[in-house]
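Number of protein chains: 2
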Amino acid sequence: MTVECKNCPLRQKECFQPFSPQELSFTQGFKSGELSVDAGTTIQIEGSETPHLYTVLSGMGVRYKTLENGRRQVINFILPGDFVGLQAGVMGVAGHSVEATTPMVLCTFRRSDLWRLFQNHPGRAYDLVWLAASEEAFLGQSLVTVGQRKGLERVSWALLKLFDRLKHLGLAKGNRVPLPYRQQDVADALGLSLVHTNKTLGVLRSRHVARWSDGELQILDRETLQGYALVEEEDVGQRPLI
Amino acid sequence: MTVECKNCPLRQKECFQPFSPQELSFTQGFKSGELSVDAGTTIQIEGSETPHLYTVLSGMGVRYKTLENGRRQVINFILPGDFVGLQAGVMGVAGHSVEATTPMVLCTFRRSDLWRLFQNHPGRAYDLVWLAASEEAFLGQSLVTVGQRKGLERVSWALLKLFDRLKHLGLAKGNRVPLPYRQQDVADALGLSLVHTNKTLGVLRSRHVARWSDGELQILDRETLQGYALVEEEDVGQRPLI
DNA sequence: TCCGGCTATGTCGTAGTTTAATTCGCGAAA
DNA sequence: TTTCGCGAATTAAACTACGACATAGCCGGA
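Protein sequence lines, in the order shown, are assigned to chains A and B. Going by numbering that gives the first Met the number 0, 65 is the number at position 66 of the first sequence; the sequence numbering is gapless. Going by numbering that gives the first Met the number 0, 74 is the number at position 75 of the second sequence; the sequence numbering is gapless.
Here it is as structure tokens:
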């Protein structure tokens, strides 16, 4: 099966990244199995062997690193269509953990099949580079946000990013999207304390800008939220980089 | 020319990343020219077209993003052997700037040659994925540091990282390495103010842990510095990821 | 000699952390 | 049904790490 990719002007077909995850032509001749997990399951543990790579077919989760002092940095939020495992550290030893926050279905690939894939399918290799570069670009944005912006800006940025990603996946109903995370997850992603994140969310709620409760995010005043988030137009992570 | 790569156990030859930059077998059939620039030159400007990719043959610089409010986030420090431009945004429009802090010599590649390279040289494609993943892993570490650690820890971490990278490049003379950056650069990389970074450096100096002046960094008490930096053993960025 | 960029250091205000107490579900046990 | 227990959200109060501002010293270049 070959599908059109709306996001990749350079190579108009067989491009990898998120549209309908089920359509991933990438899986041809590479997929090794499927994996279903419950909410709360840790799919990958920091420092453990990871012979597999994954794409997320459904469900959501977080990718994070834990520190010596017990604190935690959420690297990014894992949504359907995301590719997981490329970032894994030295020779398949993961440098981070991945945890499901909802039930998830994953498509698994064997890491050891990767080299064969490169030799036989240059297009897929190209896609992987693009993926890795997208990821890198997103992390760059996170770094800017965490490093240079204040609490309100960070929280607004995160909500907006998540909203748009989920909308892009077709999960938005009007101005609402499902957001099955805890406030702690967002706090850990933004380098803020839970308490301060909570208060900031309270501010956004009281100003009728955004409301997030019961696992559902609602954007009430996108204009203002964007103002807080100081968001750039460029929507990295959805388009090809090379 | 084919060289041994000390860092890549999986494919023992023709692997890309930093050893002696001059040996980059990668350049075969891909290199399109060389570029020499003075200290202070901006090689790449955020938002501008970037038809080229680079490897650094000599000299140092910074890669950064500028914000609406004038602040700046240094994404990483560019050292000899580094590959620049893969991260560039949509269709060759850079999402960040690159500036030389010393005179630099760069090896240039045409972005448009990339696709051909993938088709003809799967090994190089493999290297590129590895590179991108390394970069991504490093950014993950930065994010953890900036998001979760305090000033002293951040500064210590940065000094240690830079020291080790430069040492790995063979630029260390005993416990000294050249470090041609301004304090502002480090501050911007760590999400700290210049003043606070300065004071923290003062602390390290007065405690006889590390001294940085006149473009030269000196580690006086590595043990203690590592303690501050809370550094993990894993040295991502020097080893293959897939 | 003056000027501009970088480093150094002191004071003070504040954004954000820490700790803790309260509340609100919600599922399991009684 | 009520009760208990647990995890998450919420709010308040005390503390602190860090930023903003100001000032001074240093050095190289015009």
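Virtual Cβ for every residue (Gly too), placed ideally from N, Cα, C. Keep in mind it's a predicted model, so treat the numbers as computed, not measured.
(Q) Beta-carbon within less than 8 Å of threonine 243(B)'s beta-carbon, same chain only, minus the 5 sequence neighbours each way: which residues are those? (A) Beyond the ends of chain B as shown, which are 0 and 241, falls residue 243(B); an answer cannot be given.
Q) Mind checking whether alanine 132(A) and alanine 124(B) have CB atoms under 8 Å apart? A) Within the first sequence, residue 132(A) is the residue found at index 133, counting from 1. Within the second sequence, residue 124(B) is the residue found at index 125, counting from 1. No. Outside cutoff.
Q | chain B residues whose Cβ lies nearer than 7 Å to that of alanine 186(A) | A | Within the first sequence, residue 186(A) is the residue found at index 187, counting from 1. Near alanine 186(A) there are no residues of chain B at all, since even the closest Cβ is about 10 Å away, more than 7 Å.
(Q) Please give me, in chain order, every unbroken run of the alpha helix (DSSP H) with length at least 4 that falls completely inside the region 136-193 of chain B. (A) 150-167, 182-189
Q: Give a yes or no on whether 8 Å exceeds the smallest Cβ distance from proline 242(A) to chain B.
A: This structure cannot settle anything about residue 242(A), because the visible part of chain A is limited to 0 through 241.
Q: Determine, using beta carbons only, whether proline 79(A) and aspartate 37(A) come nearer to each other than 8 Å.
A: Sequence index remark: in the first sequence, residue 79(A) carries index 80 (1-based). Sequence index remark: in the first sequence, residue 37(A) carries index 38 (1-based). For proline 79(A) and aspartate 37(A), no; Cβs fall outside 8 Å.
Q. For glutamate 210(B), which residues does DSSP report across the bridge?
A. Here the question's residue 210(B) lines up with position 211 in the second sequence. A small correction: the amino acid at residue 210(B) is arginine; glutamate does not occupy that position in the sequence shown. DSSP lists Gln217(B) as partners of arginine 210(B).
(Q) Given a cut-off of 8 Å on the beta-carbon distance, is the pair serine 141(B) and leucine 142(A) in contact? (A) Residue mapping note: residue 141(B) aligns to position 142 of the second sequence, counting from 1. Residue mapping note: residue 142(A) aligns to position 143 of the first sequence, counting from 1. The answer is yes: Cβ separation under 8 Å.
Q) Would you report the Cα separation of threonine 54(A) and serine 212(B), rounded to the nearest angstrom? A) Numbered from 1 along the first sequence, position 55 holds the residue referred to as residue 54(A). Numbered from 1 along the second sequence, position 213 holds the residue referred to as residue 212(B). Computed Cα separation, rounded: 48 Å.
**Q.** Min CB distance arginine 181(A) to chain B below 8 Å
**A.** By one-based count along the first sequence, residue 181(A) stands at place 182. No, no contact with chain B.
Q. For glutamate 135(A), which residues in chain B fall below 8 Å Cβ to Cβ?
A. Within the first sequence, numbered from 1, the residue matching residue 135(A) stands at position 136. Leu85, Gln86, Ala131, Glu134, Glu135, Leu138, listed in chain order.
Q. At which residue ranges does the region 80-127 of chain B contain complete alpha helix (DSSP H) runs of 4 or more residues, listed in the order of the chain?
A. 113-119
Q. How many whole angstroms separate the CB atoms of leucine 161(A) and leucine 178(A), which I take to be in contact at a CB cut-off of 8 Å?
A. In the first sequence, the residue the question calls residue 161(A) occupies position 162. In the first sequence, the residue the question calls residue 178(A) occupies position 179. Right, their Cβ atoms sit about 6 Å apart.
(Q) Which same chain residues end up closer than 6 Å to asparagine 75(B) when comparing Cβ atoms and leaving out the 5 residues on each side of it in sequence? (A) Residue mapping note: residue 75(B) aligns to position 76 of the second sequence, counting from 1. If we look at asparagine 75(B) and ignore the five residues flanking it on each side, its Cβ neighbours are Arg62.
Q | Residues near arginine 10(B) by beta carbon distance below 6 Å, same chain, minus five either side | A | The residue labelled residue 10(B) in the question sits at position 11 within the second sequence. For arginine 10(B), the predicted structure reports a pLDDT of 32, less than 50, and the residue's modelled location is therefore unreliable. A value from the coordinates is still provided. Hits under 6 Å: none found.
Q.
Please return the same chain residues whose Cβ sits closer than 6 Å to the Cβ of serine 19(A), not counting the five positions on each side in sequence.
A. For the purposes of this step, residue 19(A) is taken as residue 20 along the first sequence, with counting starting at 1. Low confidence applies to serine 19(A): its pLDDT is 39, below 50, so where it sits in the model is not reliable enough to give any reading.
**Q.** proline 121(B): contacting residues in chain A (beta-carbon distance under 7 Å)
**A.** Taking the first residue of the second sequence as 1, we reach residue 121(B) at position 122. Within 7 Å Cβ-Cβ: Phe117, Gln118, Pro121, Ala124.
Q | Whole-angstrom C-beta distance between glycine 139(A) and leucine 138(B), which should lie under 8 Å | A | Position 139 of the second sequence, counted from the first residue, corresponds to residue 138(B). Position 140 of the first sequence, counted from the first residue, corresponds to residue 139(A). Confirmed, about 7 Å.
(Q) Run through chain B and tell me which residues come within less than 7 Å of glycine 80(A), C-beta to C-beta. (A) The residue given as residue 80(A) occupies position 81 in the first sequence. Per Cβ cutoff of 7 Å: no residues; glycine 80(A) is ~18 Å from chain B at best.
Q | Nearest-angstrom Cβ-Cβ length linking leucine 34(A) and leucine 105(A), presumed shorter than 8 Å | A | As a position in the first sequence, residue 34(A) is number 35, starting the count at 1. As a position in the first sequence, residue 105(A) is number 106, starting the count at 1. Their Cβ separation, rounded to whole angstroms, is 4 Å, which keeps leucine 34(A) and leucine 105(A) in contact under 8 Å.
**Q.** Same chain, Cβ closer than 8 Å to serine 192(B), five either side skipped, listed in chain order
**A.** On the second sequence, position 193 is the one that residue 192(B) refers to. Excluding residues within five positions, the ones whose Cβ falls inside 8 Å are Ala186.
Q) Taking any Cβ of chain A, which residues in the region 42-64 of chain B have a Cβ under 7 Å from it, in chain order? A) Lys64
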